[in-house]
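Trainee: Can you keep this structure in mind? I'll have questions shortly.
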Amino acid sequence: MTLGEALGRARGILAGNNIDDAPLECELLLRHALKISRTQLYLDLDRELSPKQEEAFWRLMQRRLNGEPTAYITGHREFYGLDFYVDPRVLIPRPESELLVETALGLAQNHPLFSIAEIGTGCGAIAISLALGLPEVKIYATDISAAALKVALLNCQKHGVVDRVHLLQGDMLDPVPEPVDLIIANLPYVEESELARAGPAKFEPLLALNGGSDGMERIRQLCRQVGSKLRPTDYLLLEIGQGQRRAVTAFLHTLFPNGEIEVVPDLSGIDRVISLSLTASKPELANARPSQL
């Protein structure tokens, strides 16, 4: 069987099992099995797979058909144009979370940021992306999971930001040693009842997915702490789940009646990022189209 034939057969199998992005996923699995680049793969489509290579590839395919995410099988996930190591100790970064990074970088264009705290950093994708985009900014990255922070450290070392991303173990804002200019968080927001129906939940850490009975327990917990760690002229950026906009904005209005709130939709038009500003005259978010509340 040639590489091209293996790709074609694998695409059909994954698509037939209702796996999204079947062409990309089987390409990633074949490249991982052969330890080759994308360019090498497409230059060698007519090359025959050895029996050992063929066996290795179909073993990976079987793991994917059993529901294991490709990112865990390969140990890699791209986020904001960067490659991150991931394994079952951390949540796999989602493309929609890139909007948090884009919004933060947009804020930084108009509002000086000297320190940022990212809460629930997981593999460190958001904190590291911000560190590379804002090289003068001090970044604290917290996580309640010591195992997750070990993965984040590997990624900090890989991207050369160990000296600027300060990894701290603890719950929410508790380990952050000082007030910061921006708090940014992608907290668990999946309702408990939904987890049983979520495929990746069998493999991803429940701690990083479980948002409680209504999906908002961890979000509310963080919002209650914000006043103690956010300077009076600065910002909170939260990623939220579909349908949570009204509840989260109402809760923030209760806690911060004078704060300004904007909601930024993702590329699918789903309200995805909530921005809370504690300053009276806030510059517009660069590169964002806020919804009307």
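Be aware that the sequence shown starts at 10, since it is given in the numbering used here, and climbs by one per residue.
Just so you know, even glycine gets a beta-carbon here, dropped at the ideal spot from N, CA and C.
Given the structure is predicted, the values throughout are model-derived calculations rather than measurements.
Using a Cβ-Cβ distance cut-off of 9 Å, determine whether residue 237 contacts chain C.
Mentor: Note that chain C does not occur in the displayed structure, where there is just one protein chain.
Trainee: Taking 9 Å as the threshold (C-beta atoms), are residue 37 and residue 12 in contact?
Mentor: Counting from 1 along the sequence shown, the entry for residue 12 is found at position 3. Counting from 1 along the sequence shown, the entry for residue 37 is found at position 28. No, Cβ-Cβ distance for residue 12 and residue 37 is not below 9 Å.
Trainee: Measuring only the C-alpha atoms, how far is residue 94 from residue 264?
Mentor: Locating residue 94 in the sequence shown gives position 85, counting from the first residue. Locating residue 264 in the sequence shown gives position 255, counting from the first residue. In a straight line, the C-alpha of residue 94 is about 37 Å away from that of residue 264.
Trainee: Less than 7 Å between C-beta atoms, sequence neighbours within five positions excluded: which residues of the same chain meet that for residue 230?
Mentor: Counted from its first residue, the sequence shown places residue 230 at position 221. 181, listed in sequence order.
Trainee: If you compare alpha carbons, which of 285, 239 and 15 is closest to residue 123?
Mentor: Position 114 of the sequence shown, counted from the start, is the residue given in the question as residue 123. Nearest option by C-alpha distance: 239.
Trainee: For residue 258, which residues from the same chain have a beta carbon less than 8 Å from its beta carbon, with the 5 sequence-adjacent residues on both sides left out?
Mentor: Position 249 of the sequence shown, counted from the first residue, corresponds to residue 258. The answer, listed in chain order, is 270, 272, 283 and 302.
Trainee: If you draw a straight line from the C-alpha of residue 209 to the C-alpha of residue 197, how long is it?
Mentor: Taking the first residue of the sequence shown as 1, we reach residue 209 at position 200. Taking the first residue of the sequence shown as 1, we reach residue 197 at position 188. Confidence at residue 209 is low in this model, with a pLDDT of 49, below 50, so its placement is unreliable and the value that follows should be read with caution. One C-alpha to the other measures close to 14 Å.
Trainee: Would you mind sorting residue 296 into buried or exposed? The rule is 16 or more other CB atoms within 10 Å of its CB.
Mentor: For the purposes of this step, residue 296 is identified with residue 287 of the sequence shown, where counting begins at 1. In this prediction, residue 296 has a pLDDT of 45, which is less than 50 and means its spatial position is unreliable; what the coordinates show is noted afterwards. By the 10 Å Cβ count, residue 296 comes out exposed.
Trainee: Going by the CB atoms, is the gap between residue 191 and residue 246 shorter than 9 Å?
Mentor: As a working mapping, residue 246 is identified with position 237 in the sequence shown. As a working mapping, residue 191 is identified with position 182 in the sequence shown. Yes; because the gap between Cβ atoms is below 9 Å, this pair is in contact.
Trainee: Does at least one heavy atom of the ligand ATP sit under 8 Å from the Cβ of residue 73?
Mentor: The model depicted lacks the ligand ATP and carries no ligand whatsoever.
Trainee: Could you give the DSSP three-state label for residue 106: helix, strand or coil?
Mentor: Position 97 of the sequence shown, counted from the first residue, corresponds to residue 106. In the structure shown, residue 106 sits in a helix (DSSP, three-state: H, G or I).
Trainee: Among the residues of its own chain, which have a CB less than 6 Å from the CB of residue 69, if the five just before and after it don't count?
Mentor: Taking the first residue of the sequence shown as 1, we reach residue 69 at position 60. Excluding residues within five positions, the ones whose Cβ falls inside 6 Å are 38, 42 and 82.
Trainee: Does the distance from the CB of residue 128 to the CB of residue 193 come in under 9 Å?
Mentor: Reading the sequence shown from its first residue, position 119 is the one you call residue 128. Reading the sequence shown from its first residue, position 184 is the one you call residue 193. Yes, these two residues count as a Cβ contact at 9 Å.
Trainee: Using DSSP bridges, identify the partner residues of residue 269.
Mentor: For the purposes of this step, residue 269 is identified with residue 260 of the sequence shown, where counting begins at 1. DSSP, once it has assigned bridges, lists 286 as partnering residue 269.
Trainee: Does the distance from the CB of residue 170 to the CB of residue 125 come in under 9 Å?
Mentor: Along the sequence shown, one-based indexing puts residue 170 at 161. Along the sequence shown, one-based indexing puts residue 125 at 116. Contact: no.
Trainee: Taking only the alpha-carbon atoms, compute the straight-line gap between residue 34 and residue 107 and give it to the nearest angstrom.
Mentor: Stepping through the sequence shown from its first residue, residue 34 is reached at position 25. Stepping through the sequence shown from its first residue, residue 107 is reached at position 98. Going from the Cα of residue 34 to the Cα of residue 107 covers about 20 Å.
Trainee: Could you tell me which uninterrupted beta strand (DSSP E) segments, each at least 3 residues in length, are contained entirely in the stretch 16-84, listed from first to last along the chain?
Mentor: Qualifying beta strand (DSSP E) stretches: none in this window.
Trainee: For the pair the stretch 55-73 and the stretch 136-153, tell me if three or more CB-CB distances fall below 8 Å.
Mentor: No, they do not touch.
Trainee: Alpha carbon to alpha carbon, how far is residue 26 from residue 71?
Mentor: Stepping through the sequence shown from its first residue, residue 26 is reached at position 17. Stepping through the sequence shown from its first residue, residue 71 is reached at position 62. If you take the alpha carbons of residue 26 and residue 71, they lie about 12 Å apart.
Trainee: Taking the Cβ atom as the reference point for each residue, do residue 217 and residue 100 lie within a distance shorter than 9 Å?
Mentor: The count along the sequence shown starts at 1 and reaches residue 217 at position 208. The count along the sequence shown starts at 1 and reaches residue 100 at position 91. Yes. Within cutoff.
Trainee: What did DSSP end up calling residue 175 once you bin it into helix, strand or coil?
Mentor: Position 166 of the sequence shown, counted from the first residue, corresponds to residue 175. If DSSP states are grouped into helix, strand and coil, residue 175 belongs with the strands.
Trainee: Write down the C-beta distance between residue 275 and residue 254 rounded to the nearest angstrom, noting that I regard them as a contact closer than 8 Å.
Mentor: Looking up residue 275 in the sequence shown gives position 266. Looking up residue 254 in the sequence shown gives position 245. No, residue 275 and residue 254 are not in contact; Cβ-Cβ is about 12 Å, not under 8 Å.
Trainee: Going by alpha carbons, who is nearest to residue 119 out of 166, 250, 244 and 96?
Mentor: The count along the sequence shown starts at 1 and reaches residue 119 at position 110. For residue 119, the nearest C-alpha among the options comes from 244.
Trainee: Is the beta carbon of residue 10 sitting closer than 9 Å to the one on residue 77?
Mentor: Working through the sequence shown from its first residue, we reach residue 10 at position 1. Working through the sequence shown from its first residue, we reach residue 77 at position 68. Taking 9 Å as the Cβ cut-off, residue 10 and residue 77 do not qualify as a contacting pair.
Trainee: With 16 as the cutoff for other CB atoms within 10 Å, does residue 134 come out buried or exposed?
Mentor: The residue given as residue 134 occupies position 125 in the sequence shown. By the 10 Å Cβ count, residue 134 comes out buried.
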